[in-house]
Amino acid sequence: MVQYVFTPWRDRQELLLVREQFYGSGALTQPVGASGRIQGEEGQGLNQGDARRGTTAAAAAASTNRQASREQADGEKHKAVGRVSMWMQRGNCPHMVESTALLMAAVLSDEAAAAGNAGASTYAVRAAYAAAFSRFVTGLLDGHQDKLRKQSMYSIAKNIGLPATFVELRHQATHEQLPSLAKLRSAARKALDWIWDYYWKHLGEAEKAKDPCDMAAMANEASGLEPENRQASEDEGQEQGLEQEQDADRSPEPTTGWSRYSGVWKPKPIGVV
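Okay, structure coming up:
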């Protein structure tokens, strides 16, 4: 029996696009959170004054590029959060996708508050972190709970590889005072890294759904055949055309039942055959 799986996203390509917006395009080739530094040794033959001026200009240009790249990455993350919010309204959104969006939204709110020097919103940022983190841990562990034999959260976390510190922080955020902002920031970053290893990393590029644009590109590639193949295709087409003409020249075989009148039609009064 065929079982249909309903997903809130249009196709797999859209899901992979959200993953790229959350974690970046290089997340599959390098560890999440790792930052590569390119160090150059330019200006070795310059004097000290030129080297200082060149270093200052290069540092300013690098700072501008980093700022532009950061703003672009934050914009992509905002788009991903909005798209997942739409998926949540449709229903059947996986818990890992929802948790990624909630944690990322808390991180973006924290960065926006820090950039605006809004000290009064510190408690609101802590509450956003705590709510997103608690929902992530609780929903994940409840999904692995055995209905016949209840298990503790620590046992389930150990079975699926979730750090015990996540369960402790969830308990503190739910039943005690809110943890510090520094502790919540670190936990959110670690949670996003854990979700990547647990869920997002296994969505391989090889399983990407067929996109209409990709199909059009494949059709264009297929049209660029070798001359010999194109000539063979043309010869086959000509042979099929000749066969159809020969079939048309043959006398039609007698058929029974209704047939189309081949002569000139002349109107007659009703009742005259």
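Start counting the sequence shown at 3; every next residue gets the next number (this note's numbering).
Heads up, the beta-carbon is just placed ideally off N, CA and C, and yes, glycines get one too.
Note that this is a predicted model, so its numbers are computed, not measured.
What is the rounded straight-line gap between the Cα of residue i and the Cα of residue j?
i	j	result
MET98	LYS185	22 Å
SER65	THR58	10 Å
VAL20	GLY145	23 Å
LEU180	ALA63	41 Å
ALA166	LYS192	13 Å
THR9	ASN94	6 Å
TYR125	SER136	16 Å
ALA117	LYS149	46 Å
GLN15	GLN153	37 Å
TYR201	THR140	17 Å
GLU100	MET90	7 Å
ASN161	ASN67	44 Å
PRO271	SER261	22 Å
GLU22	GLN147	31 Å
LYS203	ALA108	22 Å
ASP13	VAL7	12 Å
ALA159	LEU143	7 Å
MET88	LYS79	14 Å
GLN284	MET3	The structure shown does not extend to residue 284, since the chain spans only 3 to 275, so no value can be given for it.
HIS177	ALA190	19 Å
SER264	GLN5	54 Å
LYS81	ARG151	41 Å
Of the residues the options, which one's Cα is nearest the Cα of residue i?
i	options	result
TYR156	LEU150, GLU170, ASP148 and LYS149	GLU170
ILE11	ARG85, SER27 and TRP202	A quick correction: the sequence has Trp, not Ile, at residue 11. When only C-alpha atoms are compared, the closest one is ARG85.
ALA132	LEU143, ARG172, GLU100 and GLY141	ARG172
GLY195	LEU180, HIS177 and LEU164	Correcting the residue type first, residue 195 is Asp in the shown sequence and not Gly. The shortest Cα separation from ASP195 among LEU180, HIS177 and LEU164 belongs to LEU164.
ALA129	CYS95, TYR201, SER182 and PRO271	SER182
ARG72	LEU143, LEU110 and GLY206	LEU110
PRO96	VAL266, LEU17 and GLY206	LEU17
GLU175	PHE138, MET88, ILE158 and ARG151	The sequence shown places Ala at residue 175, not Glu. The shortest C-alpha separation from ALA175 is found at PHE138.
GLY26	TRP198, ALA114 and LYS268	TRP198
What first and last residue would you give for the alpha helix (DSSP H) that runs through residue i?
i	result
PHE8	No alpha helix (DSSP H) holds PHE8; DSSP gives it neither H nor E.
LYS160	155-162
GLU113	97-117
TRP198	183-200
SER18	Looking at the sequence shown, residue 18 is not Ser but Leu. 14-25 is the extent of the alpha helix (DSSP H) around LEU18.
ARG137	124-145
GLU170	166-177
For a quick check, are the C-beta atoms of residue i and residue j less than 8 Å apart?
i	j	result
ARG187	ASP112	yes
LEU104	ALA61	no
THR102	PHE168	no
VAL83	MET106	yes
Looking at the C-beta of residue i, does it have a partner C-beta in chain B at a distance below 8 Å?
i	result
GLY84	In the displayed structure, chain B is absent; only one protein chain is listed.
With respect to 7 Å, is the separation between the Cβ of residue i and the closest non-hydrogen atom of the ligand SAH below this value?
i	result
GLY141	As for the ligand SAH, it is missing from this structure, which has no ligand bound.
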